[in-house]
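Residue numbers (my numbering), protein chains in the order written: chain B, 1 to 297; chain H, 1001 to 1297.
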């Protein structure tokens, strides 16, 4: 089941074609509301869901509000996610898997180069680069020199099989950590630990600490009460401060102490104490394609 | 350019696949606003537009409001319409052709059987049944007997090449007028004069006159001032009366005398004097897929 809008955004079209090439029945969920899509997924007994991680969580939240337990009532056993990092962020992955009762796979790519990566079945905590179709290099974004295994750098892609948009050594802007160890799945392809860790230009330095939005998302998703959130990097005189806006789900009657707990956990995990603000359910925007939760000001 | 929502409604998917099979660049217009779609059609220099007749007119109206002359500014030279009758209704066809500066083709079909008809290039005032893929019969809906050439009846379809939904002698509910004369295009296929004339069950009898919504639409589309309309068959004591609700386009400063002119023209063409009501621009609903303008009460 393909829950995307079938517009010119190329994100999921390759998945659609791939499903058809496999001979699978591909069900299109274009131009429909979330509740219509949920009904179709359950009625047609779809076994694989393809959408952004954000939208998988949004569907799960809408289902809960409608008294639907997707883990029990849907036949979805695999979910495949692209369009944003998320399916490689451990707590986001766990949240999707629990909500849908399904195994969740990350499938990163970029419009300019194609879908370059995939998560294999053993899921060793990262994604493989499909080196049959892509040449991948990981460089220091400043010096342009290749980073060593285990170091973070920018992913640079050359695509080999793409007719429409061939690129040579294209700087994706994606921050990754390369690994060349053999994988349990048997593939000789390099892997990116933790998937796409963030955007090179999204990194901010708060009180000397390098912070990526994906690290913050990882903390946010540990709290089932948080349905949507927003991250702001606010410049205050000479210092950058982090501000988190949290929106609890309407099914959580009380969110007493939530701000304090998140702040605590944040300090343990990221090493910073953010400003935390709670807002009423339904306040923050929802996203069907790429989510935009990170703001610098 | 495919201006449809890419949901499970099967209407335009066959066209999409057909365009790809031809090797044409197929541009998807799913999940977008009308103004985004117009921009894409102009920017990408789309040459063929595929959508419902209603939506072609709606896009033209939105373009006019935005100061865009599609006949001049778009590269569209052919438009193909399905989902509703309309492209075979002479005044609707003319209106679409003038707005887009393109040649307009009807392409009728039904979800249950497939796209059974097409308009050939000489456009002799009707559509061919694709008798390579379909067996067509036209029957009297009451007696079930075949009607003679030139008489109106219900189209009955047997599809030959469809794996997913094969049907034998399926009553489509479409009212058509068969013709077996040779066509200028050289094809030996039977043709349906005037395309699909209406739905068998939409026919109403007003003061002894058989009226089909398509005949009413034909009159409505002669008036460029009318942007949207609604037809109601109202039961008043023993009589059925026709009520037309007309919504003029906002670019027409004055619609003085419009109701009277429509009523006059209606009497000449259909033989009935309807009640006519004018409403303010933006009052009636707009349609992206099948329009619903005909109501019985």
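In this text, a Cβ means the ideal position worked out from N, Cα and C, and glycines have one as well. The structure displayed is predicted, hence computed values, not measured ones.
Quick check: is the beta carbon of residue i nearer than 8 Å to any beta carbon in chain H?
i: residue 73/B; result: no
i: residue 12/B; result: no
i: residue 7/B; result: yes
i: residue 82/B; result: no
i: residue 236/B; result: no
i: residue 96/B; result: no
i: residue 27/B; result: yes
What are the start and end residues of the alpha helix (DSSP H) that includes residue i?
i: residue 15/B; result: 13-21
i: residue 213/B; result: 213-220
i: residue 949/H; result: Chain H is shown only over 1001 to 1297; residue 949/H falls outside these bounds and no answer can be derived.
i: residue 1076/H; result: No alpha helix (DSSP H) holds residue 1076/H; DSSP gives it neither H nor E.
i: residue 37/B; result: 34-43
Whole angstroms is fine: what's the gap from residue i's alpha carbon to residue j's?
i: residue 1159/H; j: residue 1140/H; result: 20 Å
i: residue 1244/H; j: residue 1199/H; result: 19 Å
i: residue 216/B; j: residue 58/B; result: 19 Å
i: residue 133/B; j: residue 1190/H; result: 50 Å
i: residue 229/B; j: residue 1254/H; result: 51 Å
i: residue 239/B; j: residue 115/B; result: 38 Å
i: residue 261/B; j: residue 267/B; result: 10 Å
i: residue 1017/H; j: residue 10/B; result: 17 Å
i: residue 176/B; j: residue 194/B; result: 8 Å
i: residue 6/B; j: residue 1235/H; result: 44 Å
i: residue 1146/H; j: residue 1166/H; result: 22 Å
i: residue 279/B; j: residue 246/B; result: 6 Å
i: residue 1103/H; j: residue 1002/H; result: 16 Å
i: residue 37/B; j: residue 231/B; result: 29 Å
i: residue 1118/H; j: residue 1161/H; result: 17 Å
i: residue 1025/H; j: residue 1056/H; result: 20 Å
i: residue 172/B; j: residue 152/B; result: 14 Å
i: residue 1112/H; j: residue 1157/H; result: 10 Å
i: residue 205/B; j: residue 259/B; result: 23 Å
i: residue 41/B; j: residue 20/B; result: 18 Å
i: residue 1179/H; j: residue 1213/H; result: 22 Å
i: residue 1022/H; j: residue 1049/H; result: 15 Å
i: residue 1093/H; j: residue 1127/H; result: 13 Å
i: residue 1154/H; j: residue 226/B; result: 58 Å
i: residue 79/B; j: residue 286/B; result: 20 Å
i: residue 1013/H; j: residue 1031/H; result: 15 Å
i: residue 75/B; j: residue 45/B; result: 5 Å
i: residue 1121/H; j: residue 1218/H; result: 22 Å
Does the CB of residue i have a neighbour CB from chain B at under 8 Å?
i: residue 1304/H; result: The structure shown does not extend to residue 1304/H, since chain H is modelled only from 1001 through 1297, so no value can be given for it.
i: residue 1042/H; result: no
i: residue 994/H; result: Lying outside 1001 to 1297, the shown extent of chain H, residue 994/H is not represented and no answer is given.
i: residue 1032/H; result: yes
Could you pull the DSSP bridge partners for residue i from this structure?
i: residue 171/B; result: 156/B
i: residue 81/B; result: 51/B, 106/B
i: residue 1028/H; result: 1002/H
i: residue 1193/H; result: 1126/H
i: residue 1205/H; result: 1210/H
i: residue 146/B; result: 139/B
i: residue 1198/H; result: 1175/H
i: residue 1277/H; result: 1245/H
What residue range is occupied by the uninterrupted beta strand (DSSP E) comprising residue i?
i: residue 1229/H; result: 1226-1236
i: residue 1266/H; result: Not the beta strand (DSSP E): residue 1266/H falls in the alpha helix (DSSP H), residues 1258-1269.
i: residue 369/B; result: Chain B is shown only over 1 to 297; residue 369/B falls outside these bounds and no answer can be derived.
i: residue 1243/H; result: 1239-1248
Short-range partners of chain C found in the region 1102-1135 of chain H, where Cβ spacing is below 9 Å: The structure shown contains no chain C; its protein chains are B and H.
In chain order, which alpha helix (DSSP H) runs of at least 4 residues are fully inside the region 1100-1144 of chain H? none
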